[in-house]
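Each remark here refers to the structure printed beneath this line.
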Amino acid sequence: MNRCKAASYAAYYCMLIVAALLVAGRVLAASTDNSLYNLRIMAENDPVAAYREVKQLRAELTDSTTDSTQIPLLNLQARLEFLLADSVQAEQHSNQALMLATQRSDAIGQADALLNLAKIVLGQGRLELSTELTFRSAALLSKMDDPALTAEIMFWQVLAYRRRGREQEAVTMALQAMEIAAQSENLLALAFAYRGLSLSYEQSYHNTESLAYSQLMLRTAEQIPSRLFEAYSLQDLATRAGTSTAFSVAETLMQQAIGLYRQLHTPFSLSIGLLSQARMYTDQQRYAQSLDALTEAISIYQQYPAALGYWYALIARSNVYVQLQEFDKAEKDARLALATAQQMDDIMFHSQNLDLLATIAAAKSDYAAAYTLRVQSSELINSHKLQMAQHNVSEAVSGYEQERQQRYIDSLNQQNLQQSQQIKQKQLQQSWLVTLLVGSLLLLLLTVYFLRRLGQVNLQLRGLAARLETAREEERKQIARDLHDDMGQYLTALRLDISGMDVLCADQSPVVAQRIRALKALVDKAISIMRSIVTSIRPAPLEMGVIFALEWLAEEFSNTSGISCQLDISPDVPELVSDKYMTAVFRVVQESLTNIVKHAEATHVIIRLSVSYRKFFLSIADNGKGFNLNEIKQNCYGLTGMRERAYMLGGELTLRSRVNDGTEIGLTFRIAEDEVIND
Numbered sequence: 001m002n003r004c005k006a007a008s009y010a011a012y013y014c015m016l017i018v019a020a021l022l023v024a025g026r027v028l029a030a031s032t033d034n035s036l037y038n039l040r041i042m043a044e045n046d047p048v049a050a051y052r053e054v055k056q057l058r059a060e061l062t063d064s065t066t067d068s069t070q071i072p073l074l075n076l077q078a079r080l081e082f083l084l085a086d087s088v089q090a091e092q093h094s095n096q097a098l099m100l101a102t103q104r105s106d107a108i109g110q111a112d113a114l115l116n117l118a119k120i121v122l123g124q125g126r127l128e129l130s131t132e133l134t135f136r137s138a139a140l141l142s143k144m145d146d147p148a149l150t151a152e153i154m155f156w157q158v159l160a161y162r163r164r165g166r167e168q169e170a171v172t173m174a175l176q177a178m179e180i181a182a183q184s185e186n187l188l189a190l191a192f193a194y195r196g197l198s199l200s201y202e203q204s205y206h207n208t209e210s211l212a213y214s215q216l217m218l219r220t221a222e223q224i225p226s227r228l229f230e231a232y233s234l235q236d237l238a239t240r241a242g243t244s245t246a247f248s249v250a251e252t253l254m255q256q257a258i259g260l261y262r263q264l265h266t267p268f269s270l271s272i273g274l275l276s277q278a279r280m281y282t283d284q285q286r287y288a289q290s291l292d293a294l295t296e297a298i299s300i301y302q303q304y305p306a307a308l309g310y311w312y313a314l315i316a317r318s319n320v321y322v323q324l325q326e327f328d329k330a331e332k333d334a335r336l337a338l339a340t341a342q343q344m345d346d347i348m349f350h351s352q353n354l355d356l357l358a359t360i361a362a363a364k365s366d367y368a369a370a371y372t373l374r375v376q377s378s379e380l381i382n383s384h385k386l387q388m389a390q391h392n393v394s395e396a397v398s399g400y401e402q403e404r405q406q407r408y409i410d411s412l413n414q415q416n417l418q419q420s421q422q423i424k425q426k427q428l429q430q431s432w433l434v435t436l437l438v439g440s441l442l443l444l445l446l447t448v449y450f451l452r453r454l455g456q457v458n459l460q461l462r463g464l465a466a467r468l469e470t471a472r473e474e475e476r477k478q479i480a481r482d483l484h485d486d487m488g489q490y491l492t493a494l495r496l497d498i499s500g501m502d503v504l505c506a507d508q509s510p511v512v513a514q515r516i517r518a519l520k521a522l523v524d525k526a527i528s529i530m531r532s533i534v535t536s537i538r539p540a541p542l543e544m545g546v547i548f549a550l551e552w553l554a555e556e557f558s559n560t561s562g563i564s565c566q567l568d569i570s571p572d573v574p575e576l577v578s579d580k581y582m583t584a585v586f587r588v589v590q591e592s593l594t595n596i597v598k599h600a601e602a603t604h605v606i607i608r609l610s611v612s613y614r615k616f617f618l619s620i621a622d623n624g625k626g627f628n629l630n631e632i633k634q635n636c637y638g639l640t641g642m643r644e645r646a647y648m649l650g651g652e653l654t655l656r657s658r659v660n661d662g663t664e665i666g667l668t669f670r671i672a673e674d675e676v677i678n679d
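All residue numbers for the sequence shown refer to the working numbering, where the first residue is 1 and numbers rise by one.
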């Protein structure tokens, strides 16, 4: 399992480094356009020569050289330095370019420098900082017009989304990059877009589509031309082909990619290619060849420090040693990887290291050490003190049981050598049983923990929803009160004034009198509309108690719909209860009646409300056409709203309906004694 994790992360890191090895495809100022473009193409095919040219150009710059020339040269030099594995100089020149670009408000220069820094810190294992820098660079996209750099930044966003497990955003970003690249017809932009889509399809197990986009990327690399992109394409094709065609084809493609990396003198690219090659050999159980590739990759990272790649290489080699049962060597590499993981900002690496060390310890029959390492790994992920204490108890019990059984086995061996084989078999069975029990206990504890956390989160959500609904109702009450008290007062005063003017002008001017009567009619209509709005926001009958409110609602429903509505309220229902319960009952009935008018084709409705031992029972039944409960749509917002109200009250909403047999909605909830305002 650890071997698979390390291999997948190696491939993932390969895709991250690929973007770092390409120069931005953007056109600079007219005076330096040709030279910088030629340098970019040279960097794609001979990075060492391109680096010499860039250094020569920067040496020839004078104090009068504008920042608009220095910024792209600094960014290009930083990219080449990272490509040639000089991360220290690359970081220094990227920061210098970022400072100048920020001073000049140069969006392209800032985005380029931020992206360079994102690649550099990723190699150092600072994943969170790399993601932050990537999204800072992406925030500048709207201020720039550079298809190649835009596509490159979007490709890095795809990788950042993948790291955070946001699959949908990653696919969306890859498709957007493809659309931009296709519209621009920029070859570098197309190359990045093809790579992003290839990654997206490969991660979702659509190997055929992934291969197709890798082949498109290879053809685009030949058109640019770019030997670097050709190498990346061959490496991707080898990785994809290894799962769908003969291994010899994948092996040949990978060897071609590694050969190009060697010719181009790009250490990081070469090491990533070697990691991918080692994974292919490991999958074929060709461990000797896998070890050769991994050992070379490790030596590269020792010469050119890059914590993330070094960690992946050590983990991969340790896993190969585990397969070969060379556990001392496996443990040595795992320990080196653990020291490297502690320098990085993601506990995932530390946790995976501990898991690998636990596997090695178990293989060496050191079950106590293996269990301790597993507990440490789990603690990093869950941060659960109670679980840790229970694990310690289990470890002590397990250790005592194993020691007792070992003493028993030794005693039997001394008494009867002929039974030694049977005793060993029994010991093995018991060891497996202890391991199974410990694993089961761990799973049980994790399940209990997550169920408790889920329950806590549900309670928090219930509380938040209740507070939100209370705040919404309070806001409705305030709005209704303001409209009634303030706006209503002004409109009433206005009507009185207009009426007075009507009396004064009735005999003086018929035209003016007619206009005044028209104004009076408009004011009357405004007052009527305002009253309707106030009633819909917060019906006044709610202030008079739940019984009065339901009577008013039933009467209004009958008057407006023509459907008879019978109200059956038991005598023991209190007139006034807490506002949240009263509002919930009113809104559920209101929504039910609205649905009856829209869908039920009913002629009669019965509303029943009763209470028993502080438990309220509400039902709304009609004699309409009913429906099949299995055909309820997911976006039934009215029904969802009623269920949420029931949930906030700690109650339950039920729905019964059959075709041609009507529908009944029921709400049950319990109310505390102190929530009753007046029995």
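Heads up, the beta-carbon is just placed ideally off N, CA and C, and yes, glycines get one too.
Best match in the options for proximity to residue i [C-alpha to C-alpha]
i, options, result
"Leu218", "Asp236, Asn207 and Tyr201", "Asp236"
"Ser198", "Val588, Ile360, Leu190 and Ser210", "Ser210"
"Thr435", "Ser271, Met501 and Thr359", "Thr359"
"Trp156", "Ala182, Arg195, Gln124 and Ser142", "Arg195"
"Ser271", "Tyr647, Thr295, Arg286 and Gln285", "Thr295"
"Ser657", "Ser612, Ala600, Thr668 and Ala193", "Ala600"
"Gln584", "Leu618, Pro72, Asp106 and Arg517", "The sequence shown places Ala at residue 584, not Gln. Among Leu618, Pro72, Asp106 and Arg517, the Cα nearest to that of Ala584 is on Leu618."
"Tyr99", "Ser440, Leu74, Arg166 and Gly638", "Note that residue 99 is Met in the sequence shown, not Tyr. Closest by alpha carbon: Leu74."
Buried or exposed by the 16-neighbour rule on C-beta atoms within 10 Å, applied to residue i
i, result
"Ser377", "buried"
"Leu681", "No answer is possible for residue 681: it lies beyond the span of the chain, which begins at 1 and ends at 679."
"Ile258", "buried"
"Val457", "exposed"
"Phe82", "buried"
"Pro574", "buried"
"Asn630", "exposed"
"Ile620", "buried"
"Ala288", "exposed"
"Ile108", "buried"
"Leu667", "buried"
"Arg26", "Unreliable positioning characterises Arg26 in this predicted model, as indicated by a pLDDT of 35, which lies under 50. A coordinate reading is not provided."
"Cys565", "buried"
"Pro510", "exposed"
Cut-off 8 Å between Cβ atoms - residues of its own chain near residue i, not counting five sequence neighbours on either side
i, result
"Leu84", "Pro47, Val48, Tyr51, His265, Thr266 and Pro267"
"Ile381", "Ile347 and Ser351"
"Val523", "Leu491, Leu494, Arg495 and Ile498"
Unbroken alpha helix (DSSP H) run spanning residue i, endpoints
i, result
"Leu649", "Premise fails: Leu649 is in no alpha helix (DSSP H) and is neither H nor E."
"Arg608", "Run containing Arg608: none in the alpha helix (DSSP H); it sits in the beta strand (DSSP E), His604 to Ser612."
"Lys724", "Nothing about residue 724 can be read from this structure; the chain reaches only from 1 to 679."
"Lys119", "Ala107 to Gly123"
"Leu237", "Arg227 to Ala241"
"Asp86", "Per DSSP, Asp86 belongs to no alpha helix (DSSP H) and is neither H nor E."
"Ser271", "Pro267 to Asp283"
"Leu550", "Val546 to Ser561"
"Tyr130", "The sequence as given places Ser at residue 130; Tyr does not occur at that position. Run containing Ser130: Leu127 to Ala138, per the alpha helix (DSSP H) assignment."
Same chain, Cβ closer than 7 Å to residue i, five either side skipped, listed in chain order
i, result
"Val171", "Ser200"
"Ala526", "Leu491"
"Phe247", "Gln284"
"Asp661", "Gly626"
"Ser290", "Ala278, Tyr281, Thr282 and Val320"
Beta carbon of residue i nearer than 8 Å to that of residue j
i, j, result
"Asp568", "Ile596", "no"
"Arg670", "Arg587", "no"
"Pro147", "Ser184", "yes"
"Gln110", "Ala118", "no"
"Ala160", "Ile180", "no"
"Asn628", "Val659", "yes"
"Asn353", "Leu338", "yes"
"Arg126", "Asp345", "yes"
"Leu115", "Ser142", "no"
"Thr340", "Trp311", "yes"
"Arg240", "Ser214", "yes"
Terminal residues of the beta strand (DSSP E) in which residue i lies
i, result
"His206", "His206 -> no beta strand (DSSP E), and no H or E assigned at all."
Own chain, CB closer than 6 Å to residue i, minus 5 neighbours either side, in chain order
i, result
"Ala362", "Ala370"
"Thr220", "Leu187, Leu190 and Ala191"
"Tyr321", "Lys329 and Ala330"
"Glu395", "At Glu395, the pLDDT of 45 sits below 50, so the modelled position is not reliable and the matter cannot be decided from this model."
"Tyr37", "none"
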